[in-house]
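Q:
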Amino acid sequence: MASVLSQYLVTDDTTILLGLIAATVFLLNNLYKPQPLVHPILLGRQSDVARVRHPGESAVYRNYGTGLMGRFPLRPAKDVHILADMLKPDSDAPRTLWSTKISNPQLQDRVAAFGTGLLRLAGPQAGESNVLLLLNDSLEFIIADLALASHSIPSFTLASSNLLAAVIESHPPSAIITHASVLPQILELIYDAGEGNRNHTIIVVGEPSPQAMASVASRVKVLTWASVEREGIRVEKIISPLPKPNEVFTVAFFASKSGHIEGAQLTHENMTAGVAAVRAMLPLSHAFSQLDTIVSAHSMSTAYGRVVAYTALFEGMSFATLESSKLFHSDEYTPQINVADALSSKVYPIPPPTIAFMKPGHLHTLVDAISKEARKSFFIHPFAWRHKMAGLAEGFLTKESLWDRLVFDAARARVAGDRSSALRAVIVSDGPLAADSLTPARVALSIPVINCYSHPLVAGPVLASLALDLQDLSAEGTTTAHTGPPSVNVEAKLTEVDDQRIENGEDPVGSLMVRGPSVGKLTSMEASYVSIPSGEDEGWIETGLRARVQTNGTFQLLAQ
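415 is the number that UniProt numbering gives to position 415 of the sequence shown; each next residue is one higher, with no gaps.
1. Given a threshold of 16 other Cβ atoms within 10 Å of its Cβ, counted over all protein chains shown, does residue 39 qualify as buried or as exposed?
2. Going by other Cβ atoms of all chains shown within 10 Å of its Cβ, with 16 needed for buried, is residue 290 buried or exposed?
3. Run the CB neighbour count on residue 99, radius 10 Å, all protein chains shown included, and call it buried at 16 or more, exposed below.
4. Since residue 269 and residue 517 should fall inside the 8 Å C-beta cutoff, what is the C-beta to C-beta distance between them, to a whole number of angstroms?
5. Would you call the region 435-442 in contact with the region 250-266, where contact means no fewer than 3 C-beta pairs closer than 8 Å?
6. Does residue 59 come out as helix, strand or coil in the three-state DSSP assignment?
7. Going by the beta-carbon positions, is the gap between residue 308 and residue 357 smaller than 7 Å?
8. Pull up the distance between the alpha-carbon of residue 492 and that of residue 509, whole angstroms please.
9. Can you name the start and end residues of the beta strand (DSSP E) that residue 358 belongs to?
10. Could you tell me whether the region 146-163 touches the region 292-303, using the rule of 3 or more Cβ pairs below 8 Å?
11. Could you name each continuous alpha helix (DSSP H) segment of 4 residues or more that falls completely within the region 197-241, going from the start of the chain to the end?
12. My assumption, with CB atoms under 8 Å, is that residue 462 sits in contact with residue 487. Please give the rounded CB distance.
13. Less than 7 Å between the C-beta atoms of residue 34 and residue 323, yes or no?
14. Since residue 347 and residue 385 should fall inside the 8 Å C-beta cutoff, what is the C-beta to C-beta distance between them, to a whole number of angstroms?
15. Could you pull out every residue in the same chain whose Cβ sits closer than 7 Å to the Cβ of residue 63, ignoring the five residues on either side in sequence?
16. My output table needs one value for residue 448: the three-state DSSP class, helix, strand or coil.
17. Considering residue 329, what are the terminal residues of the beta strand (DSSP E) in which it resides?
18. Thinking C-alpha only, which one of 446, 327 and 15 is nearest residue 178?
19. So, does the CB of residue 157 fall closer than 7 Å to a CB anywhere in chain C?
20. Use the C-beta contact count for residue 66: other C-beta atoms within 10 angstroms, 16 or more gives buried, fewer gives exposed.
21. Does DSSP put residue 490 in a helix, a strand or coil?
22. When the Cα atoms are used, what is the spatial distance from residue 138 to residue 392?
23. With residue 122 and residue 201 assumed to form a contact (beta carbons below 8 Å), what rounded beta-carbon distance in angstroms separates them?
24. Is the separation between the beta-carbon of residue 454 and that of residue 429 shorter than 7 Å?
25. Give the DSSP-derived three-state secondary structure of residue 389 in the structure shown.
26. Please determine, among 424, 445, 390 and 402, the residue with the shortest C-alpha to C-alpha distance to residue 373.
27. Skipping 5 residues on each side, what residues in its chain have a beta carbon closer than 7 Å to that of residue 154?
28. Here's a check: name, in chain order, each residue in its chain whose Cβ is nearer than 6 Å to the Cβ of residue 222, leaving out the five neighbours to either side.
29. Quick one: what's got a C-beta closer than 6 Å to residue 535's C-beta in the same chain, skipping five residues either side?
30. Which whole-angstrom value describes the C-beta separation of residue 127 and residue 152, a residue pair presumed to lie in contact below a C-beta threshold of 8 Å?
31. Between 419, 191, 369 and 381, which has its C-alpha nearest residue 404's C-alpha?
32. Since residue 432 and residue 354 are thought to touch, with beta carbons under 8 Å apart, how far apart are those beta carbons, to the nearest angstrom?
33. Per DSSP, what kind of secondary structure is residue 160 in: helix, strand or coil?
34. Whole angstroms are fine: how far does the CA of residue 22 sit from the CA of residue 318?
35. DSSP beta-bridge partners for residue 521?
36. Going by CA-CA distance only, name the one from 364, 293 and 376 that's closest to residue 344.
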């Protein structure tokens, strides 16, 4: 018996060598297998769900990080209550805003000077006057916005330039702040609306042309931005009582899907809550800091675009917006600047962008260009793609891999310049993102791509996917990518759901409704500052979209 066993145990050098190779391969595969960036258990429950629901409705969903019993974050820091508090008094390090390098104390001085000059030369009254901001995203927009808010003078903004005529006719402003190149169009609208007999004050950024000034009627006063700011510097600063956090400081007009013009009343608290929600989109290990630079494709005339800009102000980051975010142009053609130009800083003298707030179209264009360049490496690209996909399947993503150095780094540099290597996160909103575009974007950019849903009435994200959630959750037959759970200070629910299907364990499908401290109030065109009666809605607003809630608490917007 022993002799028989010994025959089976006889080995030669080849057997030993093959055994060592097999053991080595096994160990290397386990030791060098990428570890997921976040534990899978945390991705399996991204929303907390209420235990009860009303007939015809889903349960109420909250972000898992907030919890059903948790308090909504209302501000990014305990001492931030109003818009002016976004400028930290203890931070004096300069940052670049568009093309101007400026520190918080310098910005506060300019805000105080412009506010004083405006009160002296234009004479708006707190609680009685309003000012229409017809400014493209710029430092002047921020200065005017902060100055008006600090003196409790509500401002009007437009999400689109084609709303201008209707807003001027229905809500004649006490003053208008605009660019010199847009002055002729403003004057023409005022005269066509029969407003030429009323007193109007227009503050223009830049020098108006002699032809435009020659057409100014006697009851229209045109002031230059520079003269208003000089007046505020020359005299003692006017200090008004501090506004209250629940005070409406702006009405952002937008066009609904039905074509009606509506306005979002936004308070100081809405904005501070919105900034808190934007900051929560990045995990603590990748949080915003003064070392970051933000580029944004969202106009500051919208609630979401404004919150993105004020997040940059609060954190002391450099900031710029894309040319495509501009709403107001002169009659001459203005070329559009794409995201690649912004990342390579061909136009904006800002530090290398690290975080980009894009629209789906921008992301598609950028990713397609990078992928096209990467495929030029005929022999290496298939191996690089396969290994990057294997990492995503394990929940792992990095731009420091061998395949990035061999293929994707060069492709990104050829498309967006060497400075694009600093980009560390992309946040996409303002439209549906195709479900089949997320994976190519993560491979091409090799950084977290956050898909979120924004709404004109909400200052900040409504829904936002987790930065480190690399799952492909596209349900069969769906064309849009999931938008994650509700934001940290938003509650969401679905109405018009099929009760029987929910009882059978199917995912709820219905009309999306939200509420929370970042959600503004809707105002009608007939009466400013008067909210449309909500009845028994308990603060819920309709988004006008249908959505599905998946098992792990992520929402997926459905095509209309």
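All C-beta atoms in this analysis are idealised placements derived from N, C-alpha and C, irrespective of residue type, glycine included.
A: By the coordinates alone:
1. As a working mapping, residue 39 is identified with position 39 in the sequence shown. Residue 39 counts as exposed, since fewer than 16 other beta carbons sit within 10 angstroms of its beta carbon.
2. The count along the sequence shown starts at 1 and reaches residue 290 at position 290. So residue 290 ends up on the exposed side.
3. Stepping through the sequence shown from its first residue, residue 99 is reached at position 99. Residue 99 should be labelled exposed.
4. Translated into positions along the sequence shown, residue 269 becomes position 269. Translated into positions along the sequence shown, residue 517 becomes position 517. Between residue 517 and residue 269 the Cβ distance is about 6 Å, and since that is below 8 Å, they are a contact.
5. no
6. Your numbering for residue 59 matches position 59 in the sequence shown. DSSP places residue 59 outside both helix and strand once states are collapsed to three, so it counts as coil.
7. For the purposes of this step, residue 308 is taken as the residue at position 308 of the sequence shown. For the purposes of this step, residue 357 is taken as the residue at position 357 of the sequence shown. Yes, they are a contact pair.
8. Here the question's residue 492 lines up with position 492 in the sequence shown. Here the question's residue 509 lines up with position 509 in the sequence shown. Cα to Cα, the separation comes out at about 13 Å.
9. Counted from its first residue, the sequence shown places residue 358 at position 358. Looking at the DSSP string, the run of the beta strand (DSSP E) that includes residue 358 is 355-358.
10. yes
11. 210-214 and 225-234
12. Locating residue 462 in the sequence shown gives position 462, counting from the first residue. Locating residue 487 in the sequence shown gives position 487, counting from the first residue. Yes, residue 462 and residue 487 are in contact; Cβ-Cβ is about 6 Å, under 8 Å.
13. Translated into the one-based positions of the sequence shown, residue 34 becomes position 34. Translated into the one-based positions of the sequence shown, residue 323 becomes position 323. Not a contact, by the Cβ cut-off of 7 Å.
14. As a first step, residue 347 must be located in the sequence shown, where it is residue number 347. As a first step, residue 385 must be located in the sequence shown, where it is residue number 385. Not quite, the Cβ-Cβ distance comes to about 32 Å (not below 8 Å), so this is no contact.
15. Working through the sequence shown from its first residue, we reach residue 63 at position 63. The residues are 47, 485, 486, 487 and 488.
16. As a first step, residue 448 must be located in the sequence shown, where it is residue number 448. Of the three classes helix, strand and coil, the one that applies to residue 448 here is coil, per DSSP.
17. The sequence position of residue 329 within the sequence shown is 329, counting from 1. Note, residue 329: premise wrong, no beta strand (DSSP E); not H, not E.
18. Within the sequence shown, the letter at position 178 stands for residue 178. Comparing Cα positions, the closest option is 327.
19. Among the chains of the structure shown, chain C does not appear; only one protein chain is present.
20. As a first step, residue 66 must be located in the sequence shown, where it is residue number 66. Residue 66 is buried by the Cβ-count criterion.
21. The sequence position of residue 490 within the sequence shown is 490, counting from 1. Coil, per DSSP.
22. For the purposes of this step, residue 138 is identified with residue 138 of the sequence shown, where counting begins at 1. For the purposes of this step, residue 392 is identified with residue 392 of the sequence shown, where counting begins at 1. So the two alpha carbons sit approximately 38 Å from each other.
23. The residue you call residue 122 lines up with position 122 of the sequence shown. The residue you call residue 201 lines up with position 201 of the sequence shown. 4 Å between Cβ atoms; contact.
24. Numbered from its first residue, the sequence shown carries residue 454 at position 454. Numbered from its first residue, the sequence shown carries residue 429 at position 429. Cβ distance < 7 Å, so residue 454 and residue 429 count as in contact.
25. Looking up residue 389 in the sequence shown gives position 389. If DSSP states are grouped into helix, strand and coil, residue 389 belongs with the helices.
26. Here residue 373 refers to the residue found at position 373 of the sequence shown. If we check each option's Cα against that of residue 373, 445 comes out closest.
27. Residue mapping note: residue 154 aligns to position 154 of the sequence shown, counting from 1. Result list for residue 154: 130, 248, 249, 250 and 251, in chain order.
28. Working through the sequence shown from its first residue, we reach residue 222 at position 222. Excluding positions up to five away in sequence, the list reads 202 and 216.
29. Position 535 of the sequence shown, counted from the start, is the residue given in the question as residue 535. With a pLDDT of 39 at residue 535, under the threshold of 50, the predicted position of this residue should be treated as unreliable, and no value is reported.
30. By 1-based counting over the sequence shown, the position of residue 127 is 127. By 1-based counting over the sequence shown, the position of residue 152 is 152. Between residue 152 and residue 127 the Cβ distance is about 6 Å, and since that is below 8 Å, they are a contact.
31. Along the sequence shown, read from residue 1 onward, the residue named residue 404 stands at position 404. Of the candidates 419, 191, 369 and 381, the one whose C-alpha sits nearest the C-alpha of residue 404 is 381.
32. By one-based count along the sequence shown, residue 432 stands at place 432. By one-based count along the sequence shown, residue 354 stands at place 354. With a Cβ gap of about 26 Å, residue 432 and residue 354 do not count as contacting.
33. On the sequence shown, residue 160 is found 160 positions in, with the first residue counted as 1. Of the three classes helix, strand and coil, the one that applies to residue 160 here is coil, per DSSP.
34. Here residue 318 refers to the residue found at position 318 of the sequence shown. Here residue 22 refers to the residue found at position 22 of the sequence shown. Residue 318 and residue 22: Cα-Cα distance of roughly 53 Å.
35. Mapped onto the sequence shown, residue 521 falls at position 521. According to DSSP, which records beta bridges pairwise, residue 521 is partnered with 265.
36. Numbered from 1 along the sequence shown, position 344 holds the residue referred to as residue 344. When each option's Cα is compared against that of residue 344, the closest is 293.
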